[in-house]
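Encoded as structure tokens, the structure appears first; notes follow it.
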Amino acid sequence: VGKSGTVDWTAVRALPAAGSELEVSADKYDSKAVQVVKLTAATDWETPLRNALESASSRGIVLQTFGAGNGPAEAARIIKEMNKSGKVIVNVTDCEQGAVAAHYAVGAALEDAGVIPAGDMTMEAAEVKLTWLLGSHSDDREKVERLFQKNLRGELTIDEMSTWQKADYDRRASRVEEL
Numbered sequence: 111v112g113k114s115g116t117v118d119w120t121a122v123r124a125l126p127a128a129g130s131e132l133e134v135s136a137d138k139y140d141s142k143a144v145q146v147v148k149l150t151a152a153t154d155w156e157t158p159l160r161n162a163l164e165s166a167s168s169r170g171i172v173l174q175t176f177g178a179g180n181g182p183a184e185a186a187r188i189i190k191e192m193n194k195s196g197k198v199i200v201n202v203t204d205c206e207q208g209a210v211a212a213h214y215a216v217g218a219a220l221e222d223a224g225v226i227p228a229g230d231m232t233m234e235a236a237e238v239k240l241t242w243l244l245g246s247h248s249d250d251r252e253k254v255e256r257l258f259q260k261n262l263r264g265e266l267t268i269d270e271m272s273t274w275q276k277a278d279y280d281r282r283a284s285r286v287e288e289l
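Numbered according to our numbering, the sequence shown spans residues 111 to 289.
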């Protein structure tokens, strides 16, 4: 381990201007507002998902799925049936590279159930971002959904997505804009 190194300053994002949209304060951050549920075929995912949907304290759920945003086929039906309180639910992949996109039936069914694809955002970034958005805009679900799909501080690398991923993202973003 050395003490020298170089920084590629072209890869570092500039600090936001004073008064810009992101202002983090403890009073807008409720650590109980968002729950993370891992959907895998090999584990009991149904009980944690149902518990998160029934939880009175949470207002958002981060689903950690596999591949391009896939999970057990039954998950979309459960979400559509049980999300009566209107929790904001987002979908992140557990893959190191790639992004959530509705290329397969289950991913499309999750999106049709109202689950928001998180692109290539990490689970940790999605959890913090959703928690902050719910705390900052608790009375405006549409704004939370719109801002979640927007790159605010480098948590989404849309510029690095392939052409088909960009088209898929643009299609979803335009749907959100129509709301």
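Note that beta-carbon positions come from the ideal geometry of N, C-alpha and C, so glycine has one too.
Q: Going by CA-CA distance only, name the one from 238, 179 and 146 that's closest to residue 215.
A: 179
**Q.** Inter-stretch contact at 8 Å, needing at least 3 Cβ pairs: the segment 207-214 / the segment 239-257
**A.** no
**Q.** Per-residue DSSP class, three states only, for residue 175
**A.** strand
Q | As assigned by DSSP and simplified to three states, the class of residue 118 | A | coil
Q. With respect to 6 Å, is the separation between the Cβ of residue 185 and the closest non-hydrogen atom of the ligand COA below this value?
A. The model on display carries no ligand, and the ligand COA is accordingly not part of it.
Q: Compare the beta carbon distance of residue 171 and residue 188 with 7 Å and say whether it is the shorter of the two.
A: no
Q: On a CA-only basis, which of 161, 175 and 141 is nearest residue 151? Give me that one, please.
A: 175
Q) Which of helix, strand or coil does DSSP assign to residue 203? A) strand
Q: Starting from residue 148, follow its DSSP beta bridges and name the residues at the other end.
A: 174
Q | Nearest residue (CA-CA) to residue 140, options 164, 226, 238 and 161 | A | 238
Q | Neighbour-count burial assignment, residue 119, 16 or more Cβ in a 10 Å radius | A | exposed
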